[in-house]
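Residue numbers (my numbering): 1 to 221. Glycine residues also receive a C-beta, built at the ideal position from the N, C-alpha and C atoms.
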Ligand code: DC
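So, in structure tokens, the structure goes:
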């Protein structure tokens, strides 16, 4: 029997659809690696905050990011040798990451990095533009979504009592609009993506559906 082909699986979708956890579990089941591309935008944003770079000017942001050496090791993110993983979800990062990730220059740097990492195959990548820009030739593309209200509730239970439901609702709406309408790498399903609505599915069911689909695709090689 020949060696099994290692494919690329792209999982895109809006914030709160559960992409990252699902991508991680799918990767483990297939013996693949997982690349959470959102964490790369978050890492770059924290790097700018830490170095006190004014966010308003794209040129200042890009000049600083050119000094950044980003490495992904076992789902942890290191910038210039320092582990940034614990700081990816801080309030300050949440506040600035939509803007930072909307800049063409920033996306150019990170998209190239993502392409380089996934070059060999055997990767599950999750993000907003994986099927359209990062890996347009991915053998399996999933657009994972859920109704806005379900995404709000999931986020609420994840954060427990720290924020109120109304705040989460407004924040999610803001992020959806921003991600969909920005000019650089907008959130958009690829023409050949499979739509998966997880509103009424458990996480386990979503993972099983994607793994089954992946095995079908792998079986075709
Ligand atoms: O998925 P997330 O919430 O961790 O993403 C953080 C931010 O990065 C969010 O504003 C969307 C952006 N992002 C992006 O623009 N492109 C990607 N491939 C992944 C995330």
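The shortest CA-to-CA distance from residue 10 to any of 167, 33, 80 is the one to 33.
In this structure, 211 is the residue among 217, 211, 205 with its C-alpha nearest to the C-alpha of residue 31. Contact check for residue 37 against residue 103 fails: the beta carbons are separated by 7 Å or more.
Counting C-beta pairs with one atom in each stretch, the segment 44-52 and the segment 178-187 have fewer than three that are closer than 8 Å, which means they do not touch.
Residue 145 has its Cβ no nearer than 6 Å to any heavy atom of the ligand DC. Between residue 39 and residue 110, the C-beta gap is not smaller than 7 Å, which leaves the two residues out of contact. Close CB contacts of residue 58 within its chain, under the 6 Å cut and outside five residues either way in sequence, are with 103 (chain order).
Residue 68 and residue 80 do touch by the CB rule: their CB atoms are close to 7 Å apart, below 8 Å. Following the DSSP letters along the chain, one finds residue 130 in no beta strand (DSSP E), marked with neither H nor E. With distances taken between CA atoms, residue 97 lies nearest to 46 out of 119, 75, 46. Taking non-hydrogen atoms of the ligand DC into account, the C-beta of residue 33 is found less than 6 Å away from none of them. Under the three-state reduction of DSSP, residue 10 is assigned to strand. Counting along the chain, residue 196 sits inside the beta strand (DSSP E) bounded by residues 194-197. Apart from the 5 residues on each side of it in sequence, residue 168 sits with its Cβ closer than 7 Å to the Cβ of 152, 155, 156 in its chain, given in chain order. By the Cβ neighbour-count rule, residue 195 is exposed, with fewer than 16 other Cβ atoms within 10 Å of its own.
Looking from the CA of residue 174, the closest CA among 7, 14, 8 belongs to 14. Between the alpha carbons of residue 200 and residue 158 lies a gap of roughly 18 Å. Within the segment 58-89, the runs of alpha helix (DSSP H) at least 4 residues long that lie entirely inside it are, in chain order, 58-65. Our two residues, residue 189 and residue 163, have alpha carbons roughly 30 Å apart in a direct line.
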